[in-house]
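A.B. asks: In the numbering used here, the protein residues as written are 213 to 485. Virtual Cβ for every residue (Gly too), placed ideally from N, Cα, C.
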Ligand SMILES: C[S@@+](CC[C@H](N)C(=O)[O-])C[C@H]1O[C@@H](n2cnc3c(N)ncnc32)[C@H](O)[C@@H]1O
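1) Determine the contact status of residue 319 and residue 307, defining contact as a CB-CB distance below 7 Å.
2) Closest to residue 466 by C-alpha separation, out of 355, 408, 258, 244, would be which residue?
3) Which residues count as close to ligand 1 when the rule is a CB under 6 Å from any of its heavy atoms, in chain order?
4) Does the distance from the CB of residue 477 to the CB of residue 256 come in under 7 Å?
5) Between which two residues does the alpha helix (DSSP H) carrying residue 262 extend?
6) Between residue 280 and the rest of its own chain, which residues show a CB-CB distance below 8 Å, the 5 nearest in sequence each way excluded?
7) Report buried or exposed for residue 245, applying the criterion of at least 16 other Cβ atoms within 10 angstroms of its Cβ.
8) How close, in whole Å, do the beta carbons of residue 474 and residue 444 come, if the pair is a contact with beta carbons under 8 Å?
9) How is residue 313 classed by DSSP in three states: helix, strand or coil?
10) Would you please state the rounded distance, in angstroms, between the beta carbons of residue 426 and residue 485? I believe it to be under 8 Å.
11) Let's test the definition: count the other Cβ atoms within 10 Å of the Cβ of residue 327 and tell me whether it reaches 16, buried, or not, exposed.
12) Classify residue 381 as helix, strand or coil using the three-state DSSP reduction.
13) Would you mind listing the beta strand (DSSP E) stretches within the region 399-432 that are 3+ residues and don't spill past its ends, in chain order?
14) Could you pull the start and end residues of the alpha helix (DSSP H) that residue 234 belongs to?
15) Could you tell me the boundaries of the alpha helix (DSSP H) in which residue 328 lies?
16) Which of helix, strand or coil does DSSP assign to residue 340?
17) At which residues does the alpha helix (DSSP H) containing residue 217 begin and terminate?
18) Let me confirm a value: residue 442 is counted as buried when at least 16 other C-beta atoms fall within 10 Å, else exposed. Which label applies?
19) Which class does residue 277 belong to by DSSP, given the choice of helix, strand or coil?
20) For residue 387, which option in 278, 248, 251 has the closest C-alpha, if you only look at C-alpha atoms?
21) Check whether the Cβ atoms of residue 264 and residue 234 sit closer than 7 Å, and answer yes or no.
22) With a CB to CB cut of under 6 Å and the five nearest residues on each side skipped, what residues in its chain are close to residue 242?
23) So residue 409 and residue 469 are supposed to be a Cβ contact under 8 Å. How far apart are they, rounded?
In structure tokens, the structure reads:
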């Protein structure tokens, strides 16, 4: 496939037939209301989830006997969809005391995880656990695949993120697939935003890949087209939309700007040797 599995989010990806089909399937409740989804509603969160599913499928982790782990997953749709396709999904986050994150990692996930999920899923295949990403409570070589979307950047310092990646590497089986999405800095200084790290290519090489024995599944492609950049959304506007609990007031919702910082999502697919 031309698109590859290690790349920044671009507007063009929302016309990729495989990603379109996955997004429409995972978000079946939205497709029912917006028949052209994702056209006209290009949102990087949909892309992140689509890329995780596509990575698992392409590199052999989407199969009936697979056990998958989600890290910092909150109420993310990925976990529910995966229960229809694999043996078991372990969903972890700071559910029992998420501090600032109570909205995204609510305690009711521990007792009634299907509360708000509208589509078909399999309750018997989902295990929800309170767990710190920096200290995964599993044996070495436990999982066929690990996914984490929009979470790494909130784990603390870069050294905390390195530790979380060490943990993910440790619990991934040889041949297993890591599918992660996080923030990629297009402009601005390395400090990032309060509570949110914005990564660059050096971080990808040094922190995400590191010297662990895993490899990028396809070459890294960090270019972002002018068409994608032209639709940059102001972070203040996105925060206001979230505060009012409404859907985005504009699309595409792929690149964000706040002060000197400009960023989007990057997805990485690594396969453990
Ligand atoms: C922006 S939310 C994303 C949630 C989910 N992945 C999604 O895409 O909807 C970031 C998540 O990271 C979780 N998180 C932050 N620090 C964590 C840690 N040390 N261990 C596990 N989860 C953490 C938060 O609780 C929150 O649910």
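C.D. replies: Quick look at the numbers:
1) As a first step, residue 319 must be located in the chain shown, where it is residue number 107. As a first step, residue 307 must be located in the chain shown, where it is residue number 95. It is a contact, given that the beta carbons lie within the stated cut-off.
2) Taking the chain shown and counting its residues from 1, the one referred to as residue 466 is at position 254. Nearest option by C-alpha distance: 258.
3) Spelled out in chain order, the answer is 284, 285, 286, 288, 305, 306, 310, 313, 316, 317, 344, 345, 346, 361, 362, 363, 366, 367.
4) For this step, residue 477 is matched to residue 265 along the chain shown. For this step, residue 256 is matched to residue 44 along the chain shown. Going by C-beta atoms, residue 477 is nearer than 7 Å to residue 256.
5) If you number the chain shown from 1, residue 262 lands on position 50. Unbroken alpha helix (DSSP H) run through residue 262: 256-270.
6) Here the question's residue 280 lines up with position 68 in the chain shown. Close CB contacts of residue 280 within its chain, under the 8 Å cut and outside five residues either way in sequence, are with 268, 273, 294, 298, 300, 301, 302, 355, 356, 357, 358, 359 (chain order).
7) Along the chain shown, one-based indexing puts residue 245 at 33. It is exposed - the Cβ of residue 245 has fewer than 16 other Cβ atoms within 10 Å.
8) Position 262 of the chain shown, counted from the first residue, corresponds to residue 474. Position 232 of the chain shown, counted from the first residue, corresponds to residue 444. At roughly 6 Å, the Cβ-Cβ gap stays under 8 Å, so residue 474 and residue 444 are in contact.
9) Taking the first residue of the chain shown as position 1, residue 313 is located at position 101. Helix at residue 313.
10) In the chain shown, residue 426 corresponds to position 214, counting from 1. In the chain shown, residue 485 corresponds to position 273, counting from 1. Correct: roughly 6 Å between the Cβ atoms.
11) For the purposes of this step, residue 327 is taken as the residue at position 115 of the chain shown. When all chains shown are included, residue 327 counts as exposed.
12) Working through the chain shown from its first residue, we reach residue 381 at position 169. Of the three classes helix, strand and coil, the one that applies to residue 381 here is helix, per DSSP.
13) 426-428
14) Taking the first residue of the chain shown as position 1, residue 234 is located at position 22. Per DSSP, residue 234 is one residue of the alpha helix (DSSP H) stretching across 229-238.
15) Residue mapping note: residue 328 aligns to position 116 of the chain shown, counting from 1. Looking at the DSSP string, residue 328 is not in any alpha helix (DSSP H), and its letter there is neither H nor E.
16) Here residue 340 refers to the residue found at position 128 of the chain shown. Strand.
17) The residue you call residue 217 lines up with position 5 of the chain shown. No alpha helix (DSSP H) holds residue 217; DSSP gives it neither H nor E.
18) If you number the chain shown from 1, residue 442 lands on position 230. Counting Cβ neighbours within 10 Å, residue 442 comes out exposed, since fewer than 16 surround it.
19) Taking the first residue of the chain shown as position 1, residue 277 is located at position 65. In this structure, DSSP gives residue 277 a state outside helix and strand, which the three-state scheme calls coil.
20) For the purposes of this step, residue 387 is taken as residue 175 along the chain shown, with counting starting at 1. Checked all of 278, 248, 251; the closest Cα to residue 387 is 278.
21) Indexing the chain shown from 1 puts residue 264 at position 52. Indexing the chain shown from 1 puts residue 234 at position 22. Their beta carbons are not under 7 Å apart, which means residue 264 does not touch residue 234 by this criterion.
22) Numbered from its first residue, the chain shown carries residue 242 at position 30. These residues qualify, in order along the chain: 249.
23) To locate residue 409, count along the chain shown from 1; it is residue 197. To locate residue 469, count along the chain shown from 1; it is residue 257. About 17 Å separates the two Cβ atoms, so there is no contact after all.
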